[in-house]
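Peer 1: Residue 29 is where the sequence shown starts when you use the working numbering, and the numbers rise one by one after that.
Got a structure for you, questions after.
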Amino acid sequence: MSLLMVLLLMVPVGARAGDLGGGSSGVSGTWYVGAEPSWVDPAKAPIVFVHGYNNSASVWWEGNDMYETALANGYQTAFIDLYSDRDMWENGAMLAQKLKVIYDYFGQKKLIVVGYSKGGVDAQTALVHYGAHPYVSNMISLSSPHHGTQLSDLAHSSAAWWLAALLGNNNDATRSLQTGNMKYFRSITDGKAETKLNKYYTLGGYKWGSFGSALYWGGLYLSSYGSNDGVVTVSSSRLPGGTIIREGAWNHTTIREGSYTFSVFKPYTMSEQTAGSNAFSAASMTEPVSKTNQIVKGGKADKAIKEDFVIEDGAESFQMAFLSEKKLSSLKLKGPDGQEYKAAKVEQDTGEFFKGAWVHSFKIDKPEAGKWKVTGPAAAYMLVVGIDSPLVAELKDAKNQKVKASYKTKWIKYDHDGKKKLKETGKGSKAGKVLDGDLTESGVYNLTTDVTGFDAKGKPFERTIIESIYVDENGKTHR
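In structure tokens, the structure reads:
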């Protein structure tokens with residue numbers, strides 16, 4: 029009944045009567061205006077809500093009380109369907125046009141834009157690159173990957189690109205959110221005069237959810253890069269030149285829900301707002317440094333899955349998320365001592381970059397050192413192993429000569445517009461490491477480096493490093 033009341037209050041604009049969008053079927057370019065509050069406070073600007081990747085305008089009212097909360101607080105509201113699978117350039121251009129229409133609809137009152145996840149990147153693109161800044165006073169982003177997300181790097185890596193593609197999640201939107209591409213985006217955005225014409229505010233989260241949940245395995249992978257909400261790191265949610273409103277105990281879902289965050293960003297939704305004391309510049313941003321505690325492998329087993337990885341001596345524990353396009357009830361993990369384990373939890377991913385994959389979660393405390401084996405029926409798969417081990421600190425110490433490591437890198441290159449995929453492999457230089465000078469053509473490169481070696485005690489270990497690099501038309505590298 030509550031959902032029915034919300035739908036009845038929504039008025040579609042520029043669409044067939046009763047067409048409220050929703051789910052993945054939202055019509056791109058359609059926007060909707062919420063019910064008029066009983067009294068409109070002139071100090072409260074109309075709020076335009078912009079959805080993120082792999083969802084639509086309905087994300088604000090289906091299973092979410094954000095719309096109801098805004099209405100109850102006396103705000104005029106509008107919601108827009110952008111492309112769920114396009115990059116910030118296409119969505120930014122469309123949003124800029126619609127913001128002008130919405131601005132006129134509300135009597136040329138300056139708008140507040142609230143962008144969730146990629147919607148925050150789309151919104152800034154509209155304001156800075158497509159001239160929508162005169163129609164907006166403040167922009168608020170909720171866990172937006174302003175510096176990209178390493179989950180996008182993972183989805184386009186040689187270990188996992190095919191699984192993401194099989195699930196339908198390898199597209200322009202995810203390609204654009206690779207960290208290398210977003211490094212380039214920041215270089216052509218942050219210095220523009222238009223960035224000074226609006227005030228920007230950000231929220232970030234650092235909760236993943238419970239073990240085995242849709243956001244947990246993403247949080248596990250991103251933990252190498254710092255605090256995160258299961259999809260975006262806190263560091264990436266910070267926008268150069270913006271103000272941090274708060275970074276709290278939200279995951280990537282709860283941060284968009286009205287009962288969790290509306291009261292937090294409400295003070296920044298007035299028609300006029302001065303910048304707070306938390307404002308910071310791009311120069312003060314610190315880049316996350318990978319602790320190199322991950323092993324990532326993937327492939328397509330036509331007959332049966334046979335995969336293995338090495339856990340080093342002294343590891344306290346490890347967790348493994350095994351993703352496949354179908355549920356694998358016979359999937360097994362075997363330790364060096366022959367003991368077998370089954371997944372502690374199996375759930376279907378409802379997140380963003382691997383939506384639809386089945387996640388089989390394992391957690392092993394005090395693991396036996398040596399080679400661990402994974403077996404199962406034929407399937408396309410990817411495994412991510414996160415290791416809690418003292419070796420992490422040793423690998424970060426570049427001066428530690430007792431740790432011996434060798435590198436083997438594969439890369440996938442995307443052309444300049446990101447639409448044509450060219451798969452290449454190379455040994456690179458310096459014992460398998462790929463240096464900036466090795467990447468000569470413009471485009472986005474996704475590098476997967478397998479690290480194998482021996483620790484200070486001569487015991488074997490392995491790791492995987494995945495990164496994204498953008499080479500612009502002038503040959504400059506952004507990483």
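For every residue, glycine included, the Cβ atom is placed at its ideal position computed from N, Cα and C.
Assuming isoleucine 333 is part of the beta strand (DSSP E), what are its boundary residues?
Peer 2: To locate residue 333, count along the sequence shown from 1; it is residue 305. It spans 322 to 339 - the beta strand (DSSP E) in which isoleucine 333 sits, taken as one unbroken run.
Peer 1: Is the CB-CB distance between aspartate 181 and valine 78 below 8 Å?
Peer 2: The residue given as residue 181 occupies position 153 in the sequence shown. The residue given as residue 78 occupies position 50 in the sequence shown. Pairing aspartate 181 with valine 78 gives a Cβ-Cβ distance that is not under 8 Å.
Peer 1: Could you tell me which uninterrupted beta strand (DSSP E) segments, each at least 3 residues in length, are contained entirely in the stretch 361 to 446, listed from first to last along the chain?
Peer 2: 373 to 376, 386 to 393, 398 to 416, 432 to 442
Peer 1: Which runs of the alpha helix (DSSP H), 4 residues or longer, sit entirely within the stretch 110 to 176?
Peer 2: 116 to 133, 146 to 157
Peer 1: Could you have a look at lysine 227 and say whether DSSP puts it in helix, strand or coil?
Peer 2: Position 199 of the sequence shown holds residue 227. Strand.
Peer 1: Straight-line CA distance for lysine 138 to isoleucine 75?
Peer 2: Position 110 of the sequence shown, counted from the start, is the residue given in the question as residue 138. Position 47 of the sequence shown, counted from the start, is the residue given in the question as residue 75. Roughly 9 Å between the two C-alpha positions.
Peer 1: If I'm right that aspartate 377 touches alanine 242 with Cβ under 8 Å, what's the distance once you round it to whole angstroms?
Peer 2: Counted from its first residue, the sequence shown places residue 377 at position 349. Counted from its first residue, the sequence shown places residue 242 at position 214. Right, the Cβ-Cβ distance comes to about 5 Å (below 8 Å), so this counts as a contact.
Peer 1: For a quick check, are the C-beta atoms of serine 264 and glycine 176 less than 8 Å apart?
Peer 2: Numbered from 1 along the sequence shown, position 236 holds the residue referred to as residue 264. Numbered from 1 along the sequence shown, position 148 holds the residue referred to as residue 176. Cβ distance < 8 Å, so serine 264 and glycine 176 count as in contact.
Peer 1: On the three-state DSSP scale, how would you describe lysine 72?
Peer 2: Against the sequence shown, residue 72 aligns to sequence position 44. In the structure shown, lysine 72 sits in a strand (DSSP, three-state: E or B).
Peer 1: Could you check where the alpha helix (DSSP H) with valine 262 kicks off and where it finishes?
Peer 2: In the sequence shown, the residue the question calls residue 262 occupies position 234. It spans 262 to 265 - the alpha helix (DSSP H) in which valine 262 sits, taken as one unbroken run.
Peer 1: Quick one: what's got a C-beta closer than 8 Å to serine 358's C-beta in the same chain, skipping five residues either side?
Peer 2: Within the sequence shown, the letter at position 330 stands for residue 358. Cβ neighbours of serine 358 beyond the five flanking positions: Gly404, Pro405.
Peer 1: Pick from Gly135, Leu155, Tyr60: whose alpha carbon is nearest that of threonine 105?
Peer 2: For the purposes of this step, residue 105 is identified with residue 77 of the sequence shown, where counting begins at 1. Comparing Cα positions, the closest option is Tyr60.
Peer 1: Have a look at proline 295 and tyrosine 144 and give me their C-alpha separation to the nearest angstrom.
Peer 2: Taking the first residue of the sequence shown as position 1, residue 295 is located at position 267. Taking the first residue of the sequence shown as position 1, residue 144 is located at position 116. For proline 295 and tyrosine 144, the distance between alpha carbons rounds to 18 Å.
Peer 1: Identify every run of the alpha helix (DSSP H) within the stretch 206 to 250, keeping only runs that are complete inside it and at least 4 residues long; order them along the chain.
Peer 2: 207 to 217, 244 to 250
Peer 1: Do you know offhand how far glycine 398's Cα is from phenylalanine 350's?
Peer 2: Reading the sequence shown from its first residue, position 370 is the one you call residue 398. Reading the sequence shown from its first residue, position 322 is the one you call residue 350. Those two C-alpha atoms are separated by around 19 Å.
Peer 1: Is it the case that the Cβ atoms of alanine 372 and phenylalanine 390 are separated by a distance below 8 Å?
Peer 2: To locate residue 372, count along the sequence shown from 1; it is residue 344. To locate residue 390, count along the sequence shown from 1; it is residue 362. Taking 8 Å as the Cβ cut-off, alanine 372 and phenylalanine 390 qualify as a contacting pair.
Peer 1: Per the contact definition of three or more C-beta pairs closer than 8 Å, is the stretch 227 to 242 in contact with the stretch 480 to 494?
Peer 2: Contact annotation: the stretch 480 to 494 does not touch the stretch 227 to 242, with fewer than three C-beta pairs closer than 8 Å.
Peer 1: Do three or more CB pairs link the stretch 89 to 106 to the stretch 277 to 286 at distances below 8 Å?
Peer 2: yes
Peer 1: With distances taken from CA atoms, which of Asp466, Ile497, Trp245, Ala408 is nearest alanine 192?
Peer 2: The residue labelled residue 192 in the question sits at position 164 within the sequence shown. Answer by Cα proximity: Ala408.
Peer 1: Rounded to whole angstroms, what is the Cα-Cα separation between histidine 506 and tyrosine 111?
Peer 2: For the purposes of this step, residue 506 is taken as the residue at position 478 of the sequence shown. For the purposes of this step, residue 111 is taken as the residue at position 83 of the sequence shown. In a straight line, the C-alpha of histidine 506 is about 27 Å away from that of tyrosine 111.
Peer 1: Is the number of C-beta pairs between the stretch 167 to 176 and the stretch 323 to 334 that are closer than 8 Å three or more?
Peer 2: no
Peer 1: Cα separation between leucine 411 and serine 185?
Peer 2: Taking the sequence shown and counting its residues from 1, one reaches residue 411 at position 383. Taking the sequence shown and counting its residues from 1, one reaches residue 185 at position 157. Distance between the alpha carbons of leucine 411 and serine 185: 13 Å.
Peer 1: With DSSP collapsed to three states, give me the class of proline 295.
Peer 2: Residue numbering aside, residue 295 sits at position 267 when the sequence shown is read from its first letter. Looking at proline 295 - three-state DSSP - the assignment turns out to be helix.
Peer 1: Lysine 360 and glutamate 368 - do their beta-carbons sit closer together than 8 Å?
Peer 2: Against the sequence shown, residue 368 aligns to sequence position 340. Against the sequence shown, residue 360 aligns to sequence position 332. Yes, the Cβ-Cβ distance between glutamate 368 and lysine 360 is below 8 Å.
Peer 1: What is the rounded straight-line gap between the Cα of tyrosine 244 and the Cα of glycine 258?
Peer 2: The sequence position of residue 244 within the sequence shown is 216, counting from 1. The sequence position of residue 258 within the sequence shown is 230, counting from 1. Roughly 6 Å separates the two Cα atoms.
Peer 1: Kindly indicate which three-state DSSP category tyrosine 288 falls into: helix, strand or coil?
Peer 2: Position 260 of the sequence shown, counted from the start, is the residue given in the question as residue 288. Helix, per DSSP.
Peer 1: So, using beta-carbon positions, are aspartate 478 and lysine 504 closer together than 8 Å?
Peer 2: One-based indexing of the sequence shown puts residue 478 at position 450. One-based indexing of the sequence shown puts residue 504 at position 476. Contact flag unset, no.
Peer 1: What is the rounded straight-line gap between the Cα of glycine 454 and the Cα of lysine 211?
Peer 2: For the purposes of this step, residue 454 is taken as the residue at position 426 of the sequence shown. For the purposes of this step, residue 211 is taken as the residue at position 183 of the sequence shown. Model confidence at glycine 454 stands at a pLDDT of 49, short of 50, so the residue's coordinates are unreliable; what they give is reported in the following sentence. So the alpha carbons of these two residues sit roughly 24 Å apart.
Peer 1: Would you call the CB atoms of lysine 128 and isoleucine 108 closer than 8 Å?
Peer 2: Within the sequence shown, residue 128 is the residue found at index 100, counting from 1. Within the sequence shown, residue 108 is the residue found at index 80, counting from 1. No, the Cβ-Cβ distance between lysine 128 and isoleucine 108 is not below 8 Å.
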